[in-house]
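To get our numbering, take the position in the sequence shown, counting from 1, and add 12.
Built from N, CA and C at the ideal position, the CB exists for glycine as well.
Some notes on the structure that comes next.
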Amino acid sequence: MSSSESPARAPVPAARPLRTERLLLRPVRGGDLPAVTRLWTDPDVRRHLGGPVTGPVIRIRQRRIVGAPGFHAVIRAEDGVLLGLVTVEDGGRGGETEVSYQFLPEHWGHGYAREAVGVAVARALESGPSVVAVTQEANHRSRRLLEAVGLEHAESFVEWDAHQVLYRRRRG
Numbered sequence: 013m014s015s016s017e018s019p020a021r022a023p024v025p026a027a028r029p030l031r032t033e034r035l036l037l038r039p040v041r042g043g044d045l046p047a048v049t050r051l052w053t054d055p056d057v058r059r060h061l062g063g064p065v066t067g068p069v070i071r072i073r074q075r076r077i078v079g080a081p082g083f084h085a086v087i088r089a090e091d092g093v094l095l096g097l098v099t100v101e102d103g104g105r106g107g108e109t110e111v112s113y114q115f116l117p118e119h120w121g122h123g124y125a126r127e128a129v130g131v132a133v134a135r136a137l138e139s140g141p142s143v144v145a146v147t148q149e150a151n152h153r154s155r156r157l158l159e160a161v162g163l164e165h166a167e168s169f170v171e172w173d174a175h176q177v178l179y180r181r182r183r184g
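This is how it looks when you write it as structure tokens:
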């Protein structure tokens, strides 16, 4: 789970759906909102993301996320269950493409996040020179995921009163 969630950044539109053997990454639909809202309010999901989101912010996000480019609902292909979100934002930190993600706790530990983030990073590198992701230093699971999909620790800093780490992967 990445700690970057700035609404000022412009998401990257997906030219075509992202697919893996087990997953489909597609735009968020209205029917996804209950699961997406759980991502924003679950204390375990939000542990390294500043805590659960409040009601007024949830209502704004619900209106804006449906069909928004760059926001991918991660769907398990075999049964259509929404597992999480992967966001790919153009012009993120330092103008680089930034990937962030959140998955529901019951789907942790099955490799879904690694698979989804991996395909999103690969797609982003088809058209851009690099991809970055930020997570809290204390979020060891997220750090292992980023390393597993080929991102390398690039810098450490303090933001939002917490130690953060930025990971980067360059094309080529």
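Next item on the list: Starting from the C-beta of residue 95, find all residues in its chain whose C-beta is less than 6 Å away, skip the five residues before and the five after it, and write them out in chain order.
Entry: As a position in the sequence shown, residue 95 is number 83, starting the count at 1. The residues are 86, 88, 115, 119, 124.
Next item on the list: Report the residue from 143, 112, 39, 128 whose alpha carbon sits nearest the alpha carbon of residue 58.
Entry: For the purposes of this step, residue 58 is taken as the residue at position 46 of the sequence shown. Comparing Cα positions, the closest option is 112.
Check: Can you list the beta strand (DSSP E) stretches of 3 or more residues lying completely in the stretch 76–135, in chain order?
Finding: 83–88, 94–102, 109–115
Margin query: Can you list, in chain order, the residues of its chain with a C-beta nearer than 6 Å to that of residue 47? Leave out the 5 residues immediately preceding and following it.
Written below: Stepping through the sequence shown from its first residue, residue 47 is reached at position 35. So the qualifying residues of the chain are 94.
Notebook entry, point to check: If you compare alpha carbons, which of 68, 63, 143, 91 is closest to residue 99?
Noted result: Your numbering for residue 99 matches position 87 in the sequence shown. Of the candidates 68, 63, 143, 91, the one whose C-alpha sits nearest the C-alpha of residue 99 is 143.
Margin query: Quick check on this structure: which residue in 62, 83, 53 has the alpha carbon closest to the alpha carbon of residue 71?
Written below: For the purposes of this step, residue 71 is identified with residue 59 of the sequence shown, where counting begins at 1. Selected option, being the one with the closest Cα: 53.
Next item on the list: Kindly say whether residue 98, judged by its beta-carbon, lies nearer than 9 Å to any beta-carbon of chain C.
Entry: The displayed structure is made up of one protein chain only, and chain C is not part of it.
Next item on the list: Tell me residue 148's beta-bridge partners as DSSP assigns them.
Entry: Taking the sequence shown and counting its residues from 1, one reaches residue 148 at position 136. Paired residues: 176.
Notebook entry, point to check: With distances taken from CA atoms, which of 45, 51, 101 is nearest residue 78?
Noted result: Locating residue 78 in the sequence shown gives position 66, counting from the first residue. Selected option, being the one with the closest Cα: 45.
Next item on the list: Quick one: grab the DSSP three-state call for residue 33.
Entry: The residue labelled residue 33 in the question sits at position 21 within the sequence shown. Coil.
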